[in-house]
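Its first residue numbered 5, the sequence shown is counted upward by one per residue in UniProt numbering.
Yeah, the Cβ is synthetic: ideal placement off N, Cα and C, and Gly gets one too.
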Amino acid sequence: RPRVLSGIQPTAGSFHLGNYLGAVRQWVALQESHDAFYMVVDLHAITVPQDPEELRANTRLATAQLLAAGLDPDRCTLFVQSHVPEHAQLAWVMNCLTGFGEASRMTQFKDKSAKQGAERASVGLFTYPILQVADILLYQAHEVPVGEDQRQHIELTRDLATRFNGRFGDTFTLPKPYILKETAKIYDLQDPAVKMSKSASTPKGLINLLDEPKATAKKVKSAVTDTDTVIRYDVVEKPGVSNLLTIYSVLTGTGIPELEEKYAGKGYGALKTDLAEVMVDFVTPFKERTQQYLDDPETLDSILAKGAEKARAVAAETLSRAYERVGFLPAK
Ligand code: ATP
Ligand code: MG
Numbered sequence: 005r006p007r008v009l010s011g012i013q014p015t016a017g018s019f020h021l022g023n024y025l026g027a028v029r030q031w032v033a034l035q036e037s038h039d040a041f042y043m044v045v046d047l048h049a050i051t052v053p054q055d056p057e058e059l060r061a062n063t064r065l066a067t068a069q070l071l072a073a074g075l076d077p078d079r080c081t082l083f084v085q086s087h088v089p090e091h092a093q094l095a096w097v098m099n100c101l102t103g104f105g106e107a108s109r110m111t112q113f114k115d116k117s118a119k120q121g122a123e124r125a126s127v128g129l130f131t132y133p134i135l136q137v138a139d140i141l142l143y144q145a146h147e148v149p150v151g152e153d154q155r156q157h158i159e160l161t162r163d164l165a166t167r168f169n170g171r172f173g174d175t176f177t178l179p180k181p182y183i184l185k186e187t188a189k190i191y192d193l194q195d196p197a198v199k200m201s202k203s204a205s206t207p208k209g210l211i212n213l214l215d216e217p218k219a220t221a222k223k224v225k226s227a228v229t230d231t232d233t234v235i236r237y238d239v240v241e242k243p244g245v246s247n248l249l250t251i252y253s254v255l256t257g258t259g260i261p262e263l264e265e266k267y268a269g270k271g272y273g274a275l276k277t278d279l280a281e282v283m284v285d286f287v288t289p290f291k292e293r294t295q296q297y298l299d300d301p302e303t304l305d306s307i308l309a310k311g312a313e314k315a316r317a318v319a320a321e322t323l324s325r326a327y328e329r330v331g332f333l334p335a336k
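Given below as structure tokens:
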């Protein structure tokens, strides 16, 4: 079975619709066909300041949401990144293989550091793509299911794996991004020019899966569309409407042409009312299932303990091979 690896940050508590449609939904599908490793990336979370108690709670909450979304610990390896120290260890080696200029070209860093003021951004935020490189290479992943915003980091992973293999001998598998065209980038409902993000400028554009379903319905109904009234998929001329059509299509399994036909001659109001209902039907049971997992922290923790053990077995083997190749003296 080919292997996949991906991660999600335990920041902000609730997952948003972009996380689900862009990534987690694919994770659930791929556990059937792939040897799948999925993790809650708490090391990545601390690239920006976190309250310790909140971080711990959010790590459990992220795990509960992954299970609620359909990850099955018998079909995949689900773990917390900090439980596997090899991530930080391999990241150091990769840091030393990366050019400063190369790291400076990462657009995610530019975007994220701009939000905080570049001077105040942590060095961890600067090098987090390199930690991500280590995350992926440790598991010799063939594919990495992520949203479009992560494509550049997978490219960096391929570059660094190639560099390491060239310099020290074949060690790492070169991964490919697994990015589905339809859901590669879900946009902010208030500003369809930017991706939906945990750090959205206004909460009105961000659909959090754990929000009150009523609030979610309201956000859908007040989504920004455009001045004419035709319901047509056209990402250039009609980004807002197209985003709604994408979400509607994926959540219901209805093709976009079918939706265009269904709403021909009807206004945006009809589309939004129906999509609000679709969304409520989706988030309501998701929220309930998440709560059920949260109510049983012992089971959660034992799932994560088993996951960490399985992950470490793979990660430790890769790390020791990499350490040896680099020329570190084995600790006997
Ligand atoms: P932040 O803005 O703090 O980076 P995030 O919303 O991007 O948070 P992450 O935990 O960084 O959340 O990302 C988890 C996964 O969700 C990644 O694979 C990412 O590509 C994907 N993702 C995030 N936002 C979107 C989006 N708007 N559309 C599609 N995929 C997305
Ligand atoms: Mg992100």
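query: Environment of ligand 1 in chain order, Cβ to heavy atom below 5 Å; result: I12, Q13, G22, N23, G26, A27, V150, G151, D153, Q154, K189, I190, K199, M200, S201, K202 and S203
query: Burial state of K189, where buried means 16 or more other Cβ atoms lie within 10 Å; result: buried
query: Whole-angstrom distance between S10 and R109, CA atom to CA atom; result: 22 Å
query: Element boundaries [beta strand (DSSP E), containing S10]; result: R7 to I12
query: Residue nearest to L71 in terms of C-alpha spacing, selected from D139, E321 and Q296; result: Q296
query: Residues bridged to V148 (per DSSP); result: P181
query: Beta-carbon proximity of M200 to H48, cut-off 8 Å; result: no
query: Inter-residue Cα distance where the pair is T322 and E57; result: 32 Å
query: Beta-carbon proximity of E216 to I235, cut-off 8 Å; result: no
query: CA-to-CA distance, T67 to L308, given in whole angstroms; result: 8 Å
query: According to DSSP, residues forming a beta bridge with K218; result: BP columns for K218 are empty, so no partner.
query: Close beta carbons around M98, own chain, < 6 Å, minus the five adjacent residues each side; result: I134, V137, A138 and L164
query: Of the listed residues V8, D238, L279 and T303, nearest to Y42 (C-alpha basis); result: V8
query: Closest by C-alpha distance to Q54, when choosing among V198, Q13, A33 and L178; result: Q13
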